[in-house]
Structures are given as C-alpha cells and as structure tokens.
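Inspection log for the structure reproduced underneath, given as structure tokens.
Residue numbers (our numbering): 32 to 211.
This is how it looks when you write it as structure tokens:
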C-alpha cells in the first residue's frame with residue numbers, strides 16, 4: 032500500500048484508467064455472453080437485468096467476493112458503475128482507504144480483500160461521496176440485516192437512492208456498506 036501525495040487525482044490513477052479501458056474494450060463481448068446484448072444499454076432500467084444475472088451467478092455475498100476477478104463480475108462491476116456515472120453524474124475514482132489513508136492494491140487478486148475493493152464512483156467534486164460497485168452487487172445478495180430483519184435490495188432501488196439510509200436512528204450510513 033502506498034499513500035497518495037497531495038496532488039493525487041483519484042480519477043486519473045493509471046490502474047484505474049487501464050481497468051476502465053479494458054472494461055470498455057471488453058463490454059460488447061461481455062454483454063453478448065450474457066445473452067442480453069441488445070438490452071444492456073446503460074439505462075437505469077437495464078440494472079434489473081444485471082440484478083437477475085448476479086443472482087443467477089452467486090448465492091451469497093462471500094461467493095460473489097470470491098469470484099470478483101472473473102470476467103463476468105468485472106464486467107458487471109464496470110457496467111453498474113457506468114450506469115451510475117452516466118445517469119447520476121458521477122466519476123470513476125480510485126480513492127485511499129478511509130481508515131489508513133493509503134491506496135490499497137487495485138483489485139488485489141492475491142491478497143485478502145475488504146468487502147469494498149476498487150474502484151468506486153462518486154460525485155466529481157465531493158471526496159466524501161462514493162459507492163463501490165462491487166459492494167453494491169454484494170448488497171443485493173444480502174437477505175437479512177445484522178439483527179435478522181429481511182432485506183430486499185435491488186440494483187434499481189440502490190440506484191434510486193444511492194446514499195439512502197432506511198434506518199432513521201441518527202447513525203450515518205457508510206456508502207461502503209457498513210456503519211461508521
């Protein structure tokens with residue numbers, strides 16, 4: 032892990048730009064492999080298709096995390112982030128860890144990962160505004176919250192209210208999926 036310097040631009044990191052370029056290049060093939068190429072058009076409505084595909088692919092958050100380096104999940108991460116970027120006026124970012132302030136390895140396939148991984152999307156001029164598409168995909172597989180209450184999130188519901196906190200208990204929802 033390395034700490035970014037004061038001039039660090041989270042939208043211009045070479046690993047981020049390389050990853051975005053790879054995903055753009057591979058998108059058509061990714062969409063064709065899903066058999067939904069004609070309707071994966073980056074509209075918010077198309078998130079329902081990706082939601083179904085993810086639920087067919089993985090049964091749990093842990094399974095999805097374990098498969099995060101596969102071409103299918105990498106394509107889904109990029110697709111979901113692109114829908115947010117295009118329709119929520121967000122940008123791709125590779126931001127330092129919120130606790131350590133260091134840049135963690137970009138999709139560290141060999142190392143242990145947090146639920147977040149990288150990259151994220153967020154408001155261009157707000158360093159506190161960000162969503163990790165991998166974690167968004169993980170959230171839709173969650174069936175119960177930490178106290179056992181049923182949870183029914185979809186990609187569309189998250190898109191509609193990306194920073195919404197259903198609990199009105201004074202705690203601030205961490206966009207990474209946990210409480211801070």
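We treat Cβ as the ideally placed atom computed from N, Cα and C, and that holds for glycine.
These figures come from a predicted structure and were not determined experimentally.
Tell me the DSSP secondary structure of residue i in three-state form.
i: residue 175; result: strand
i: residue 84; result: helix
i: residue 186; result: helix
i: residue 197; result: Low confidence applies here, because residue 197 scores a pLDDT of 48, under 50, leaving its location unreliable and the question unanswered by this model.
i: residue 158; result: coil
i: residue 237; result: An answer regarding residue 237 cannot be provided, because it is not within the stretch 32 to 211 covered by the chain.
i: residue 75; result: helix
In chain order, what residues of the same chain lie with their CB nearer than 8 Å to the CB of residue i, ignoring the 5 residues before and after it?
i: residue 78; result: 111, 114, 185, 186, 187 and 190
i: residue 173; result: 92, 182 and 184
i: residue 117; result: 73
i: residue 40; result: none
i: residue 86; result: 171 and 172
How far does the alpha helix (DSSP H) with residue i in it extend, from its first residue to its last?
i: residue 167; result: 164 to 170
i: residue 106; result: 102 to 118
i: residue 153; result: From DSSP, residue 153 is part of no alpha helix (DSSP H) but of the beta strand (DSSP E) over 151 to 153.
i: residue 31; result: Only positions 32 to 211 of the chain appear in the structure, and residue 31 is not among them; the question remains open.
Quick check on the burial criterion: 16 or more other C-beta atoms within 10 angstroms. Buried or exposed for residue i?
i: residue 199; result: With a pLDDT of only 44 at residue 199, under 50, the local geometry of the prediction cannot be trusted, and the value read off the model is given with reservation. By the neighbour-count rule (16 or more Cβ atoms within 10 Å), residue 199 is not buried but exposed.
i: residue 124; result: buried
i: residue 161; result: buried
i: residue 135; result: buried
i: residue 180; result: exposed
i: residue 38; result: exposed
i: residue 48; result: exposed
Looking only at its chain, what residues have a beta carbon closer than 7 Å to the beta carbon of residue i, apart from the 5 residues adjacent to it on each side?
i: residue 121; result: 115, 152, 153 and 154
In its own chain, which residues sit with a C-beta less than 6 Å from the C-beta of residue i, not counting the 5 before and 5 after it?
i: residue 62; result: 68 and 71
i: residue 55; result: none
i: residue 106; result: 61
i: residue 94; result: none
Terminal residues of the continuous beta strand (DSSP E) containing residue i?
i: residue 70; result: Neither: residue 70 is in no beta strand (DSSP E) and is coded neither H nor E.
i: residue 122; result: 122 to 124
If we count Cβ pairs, one from each stretch, closer than 8 Å, do we get three or more for the region 67 to 75 versus the region 91 to 107? By the criterion of at least three beta-carbon pairs nearer than 8 Å, the region 67 to 75 is not in contact with the region 91 to 107.
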